[in-house]
Structure formats: structure tokens, C-alpha cells
């Protein structure tokens, strides 16, 4: 009986000890979980960025001064002027451009509406509608002078639509005793007609200074229909060549860049149209200027002296990533003949030298992560190798010490839940983003998620999503 009781007491103590151990283990697990939760709560989640295809237009807005072949037109007699063609139209040497009416009878007839109704073609009405739509699309309260430009454009459209009425009234007046007081004039030149002048008609690119760009001092003088003009007065100008240029101020770096490029893509802000220009760099007394030479589009901007543009110097397409995601990492460079595939996964690695417990040299296959390679060399991660480690060439007794290192530019891929370095090749870059090659051997593909701030993690870190 006594022995039985002792046996039971011993069993009870053993069970109590086991329970304490179990509680201790369980408690340690609970504490570990609590620590992880607190650690996660205090840590900032790593922000990711999903890669998309995109382009990087490295552009800057400039205001250019238009240089053209312009000749002033003078009134041939005194009287009231009425224009026969709309501003910006191309005229030939014999085309009638304006009428000077010494008696002002023609204007009175037109204003009174005695010429009757006219029908207009769809093309004629389309020009008027196009000017109205363009004005509505580009109007800005900060540039109120555009209201007057629009007014003159509409007047030009109306002049074009009224040509038939004017022709009929001219014939009527010519047949009356007032006919000798009305004269039709041509420019004697072929080109685009403009009914304003600004004193820059004889401006040459080499005459440009910083003061030339001061628009507060700029004045455009316009002669409108039914204005009284005197013989010899300047009433407009004709642009005699389709070739023209824009001169813009540029800094030294952009000057060198444009001079090397020779040609540059130009976007016109007002119309959003683009055109290629030949570049001529002018090194003048107060700085560098770029002359952008065009052989088309003159008619679209023939009434403007100051034209806002963008220089699109790069529109490379590729994977678009933020600069904050880019990091520089150091790797070992291993000759290609020392690399082989092995291990359970069949990945690349090296045969690394070890010593057994007896001091004998043995070689074991060590898997390495490859980040870039070519025919001669492999860039491998430095986590499984150290400087001075010896590696053996497969199927050979040759060996070498690991020593050569290099740096790669890349980002941390987070698709697998940890920071996985991926090498990138930058094609183009500005202050915020870079365009990198897509579908490279060890690189990135579209829709990959990368760490937005590369400085917030290290390679192989667990990513808190």
C-alpha cells in the first residue's frame, strides 16, 4: 500500500513538471506573436509601385521670336481701305488684295446691306467655325490680347465670305460716276498677306538680345477695314517664303545638347501640332540662342511674333519607374568558365573550397543568385561568397580567389514578398522618373511590383504589404 502511494505521488510530480514546460512553451509562443504584432504595428508598411510601360518626354517650354522674309505694303493712294482677302491667305502677284475708296461709298453700301443675301459654301462656313472652336479651346484670362486676335480672325473670315458682295458692289460703283474714286490693288508679290506690322520685319537672328523678348514693350500696329489711310502709309506686309525660324534663349547645357542633335522635335503650344526643326546655335554677346529653322507651317503662325513652344528632346518608350526606387548594389564578378548549374534546383552556382574536420580540402557546390551576365562574366550576389574564398573551375584543377567586384543599378522587386534585387538598364531619365529596358534576361517586366523607396529596405528583407 505504501509503495503504491509513493508511486502515485511520483507520477503526479512528473505530470506537473510536463504541464509547466508546456505552459512555458505556449507562453513563449504567445509572447513571440505579441512582439511580432507590436513590431508590425510600429513599422511602416513598405510602399510598392506597379510598373507600367510609358514614355519620358524631357521637355521645356520656351517663347520664341519668329523670323520671316517679310516685306511691308504701302498704300498707293489716299482713301478708305477695305480688304479683299482674309489675313493669312496666300496671294499671287496679280491677285487683288485691297480696295482704296476715296469716297467711302463702298463701305456705306456694305454697311447698309443693299447688296442682298448671299449663300456660302460648306468650306467657307467651316473656316469660320474652326476659328471659333480654336479660340474657345485655347482662351486664357491671363492672355486677354487673344480676344483681339480672335476678333481679327473672324473679321478675316467675314471678309472672305463677303467677297462676292464686294465684287458686285465694285461693278455697280464702277459703272456709276463714282467709279473713278475706287481702286483695286495687288501686292505685286507672291506670299501670305498680313494686315499688321510690329517693327520686327527686318529683324535678323544675329540682332536678337534679351531685351527683344520683353513683350511689355511690344507693339503691333494694325490697319483695319474702313480705316482712312494716306498715300505711302504702311498698311500691312507680305511673307514671301515658306521658310522661317524661331529664336529662343537657351542655357549652356541645352545649347550643347541641341548643337549635337542638329534636329529637334518642336511642339507648338497653341495648336499642339509638332514639327521637326534644324538647329543653329547662336553665340551672341549676352548669351546663347537657338535658331530653330522650319520649311513648313509658316501660314499657321504668320500673324504671330511671339510663339510658345516645347522642345521634345526625348520620347523614349520603356518601363517607367520612379527614381526613388533605384538603388546601386555591389556584386562579385565571376568568370563565366567558373560558373555551372547544379544543386537540387539546377540553378547557377560555383564550386567553393572548404576544409573538412581533418583539414583536407573539399569542394561543395554553392548556389549564387545571378543578376547579370554576358559571354565572359557573371554578376552574382555576395551573400554566399566572401573576398578571398577559392572557387574551382568545373572539370578542372584550376582555382581562383574571389576578389573582383562591381556595381549594378537596379530596383527591389517585391513580387515574392521579400526585397529581390533586379538589375535595370536606364534608357532615359529626368528629375522624377527613369525609362528602363523591358524584358531583359534578369530584369523587370510590365506589372511587376517594386519597392517605391529603395532606401527603406535591404536585399532579402521581408516586405510588409
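Residue numbers (the working numbering): 1201 to 1665. Cβ coordinates follow ideal geometry from the N, Cα and C atoms, glycine included. Only a predicted model underlies this, so the values are computations on that prediction, with no experimental measurement involved.
For residue 1424, does the count of other Cβ atoms within 10 angstroms reach 16, so buried, or fall short, so exposed?
Residue 1424 should be labelled exposed.
If we ignore side chains and look at the alpha-carbon of each, how far apart do residue 1605 and residue 1485 end up?
50 angstroms
Within the stretch 1552-1617, ranges of the beta strand (DSSP E) (whole runs, at least 3 residues):
Runs of the beta strand (DSSP E) inside the stretch 1552-1617: 1561-1567, 1570-1573, 1577-1580, 1590-1592, 1599-1601 and 1605-1613.
Going by Cα to Cα distance, which pick from 1625, 1642, 1620 and 1471 is closest to residue 1649?
1620
Beta-carbon separation (whole angstroms), residue 1509 vs residue 1264, contact threshold 8 angstroms
6 angstroms
Alpha-carbon spacing of residue 1631 relative to residue 1523, whole angstroms:
8 angstroms
Do residue 1607 and residue 1520 come within 8 angstroms of each other at the CB atom, strictly closer than that value?
no
Mapping DSSP to helix, strand and coil, what is residue 1454?
helix
Could you pull out every residue in the same chain whose Cβ sits closer than 6 angstroms to the Cβ of residue 1314, ignoring the five residues on either side in sequence?
Unreliable positioning characterises residue 1314 in this predicted model, as indicated by a pLDDT of 43, which lies under 50. A coordinate reading is not provided.
Please list, in chain order, all residues of the same chain as residue 1493 whose beta carbon is under 7 angstroms from its beta carbon, the five residues on each side excluded.
Only 1445, 1477, 1478 and 1480 meet the Cβ criterion.
Which of the three DSSP states is assigned to residue 1542 in this structure?
strand
Three-way DSSP call (helix, strand, coil) for residue 1524 in this model
helix
For a quick check, are the C-beta atoms of residue 1298 and residue 1392 less than 8 angstroms apart?
no
Residue 1505 in three-state terms, based on DSSP
coil
Can you round the beta-carbon distance between residue 1277 and residue 1383 to whole angstroms, since I take them to be within the 8 angstroms contact cut?
So it is a contact: roughly 6 angstroms between Cβ atoms.
Give every residue of the same chain whose Cβ lies closer than 6 angstroms to the Cβ of residue 1254, excluding the five residues on either side of it in the sequence, and list them in chain order.
1520
With a 10 Å radius around its C-beta and 16 neighbouring C-beta atoms as the bar for buried, classify residue 1364 as buried or exposed.
With a pLDDT of 46 at residue 1364, under the threshold of 50, the predicted position of this residue should be treated as unreliable, and no value is reported.
N-terminal and C-terminal residue of the beta strand (DSSP E) that residue 1488 is part of
Looking at the DSSP string, the run of the beta strand (DSSP E) that includes residue 1488 is 1487-1494.
Paired residues, beta bridge with residue 1267 - DSSP:
DSSP lists 1445 as the beta-bridge partner residues of residue 1267.
What are the boundary residues of the beta strand (DSSP E) that includes residue 1407?
That residue, residue 1407, is in no beta strand (DSSP E); it is neither H nor E in DSSP.
How would you label residue 1558, buried or exposed, when you count the other beta carbons within 10 angstroms and need 16 or more for buried?
exposed
Contact with chain D by residue 1469, beta-carbon distance below 8 angstroms:
Here there is only one protein chain, and chain D is not present.
So if DSSP puts residue 1250 in a beta bridge, which residue, or which two residues, is it bridged to?
Its beta-bridge partners are 1649.
Counting C-beta neighbours from all protein chains within 10 Å, is the total for residue 1268 16 or more, i.e. buried, or is it exposed?
buried
According to DSSP, is residue 1297 part of a helix, a strand, or is it coil?
coil
On the criterion of 16 or more Cβ atoms from any shown chain inside 10 Å, does residue 1286 qualify as buried, or is it exposed?
buried
Does DSSP classify residue 1640 as helix, strand or coil?
coil
Whole-angstrom Cβ separation of residue 1676 and residue 1280, contact assumed at under 8 angstroms?
In the structure displayed, the chain extends from 1201 to 1665; residue 1676 sits before or after that span and is not available.
Cβ neighbours of residue 1443 in the same chain (closer than 8 angstroms, five flanking residues each side left out):
1269, 1493, 1494, 1495 and 1498
Where does residue 1316 sit, in a helix, a strand or coil, going by DSSP?
The predicted position of residue 1316 is uncertain, since its pLDDT is 48 and thus under 50; no value can be drawn from it.
Taking a contact to mean a Cβ-Cβ separation below 8 angstroms, would you say residue 1275 touches residue 1430 in this structure?
yes
Considering only residues of the same chain and omitting the five flanking positions on each side of residue 1614, which have a CB-CB separation below 6 angstroms?
1248, 1649, 1651 and 1663
Helix, strand or coil, according to DSSP, for residue 1395 in the structure here?
Reduced to three states, the DSSP call for residue 1395 is coil.
Residues near residue 1556 by beta carbon distance below 8 angstroms, same chain, minus five either side:
1562
Can you name, in chain order, every residue of its own chain whose Cβ lies under 7 angstroms from the Cβ of residue 1656, other than the five neighbours on each side?
These residues qualify, in order along the chain: 1246.
Proximity winner among 1538, 1518, 1470 and 1273, relative to residue 1599 (alpha-carbon distances)
1538
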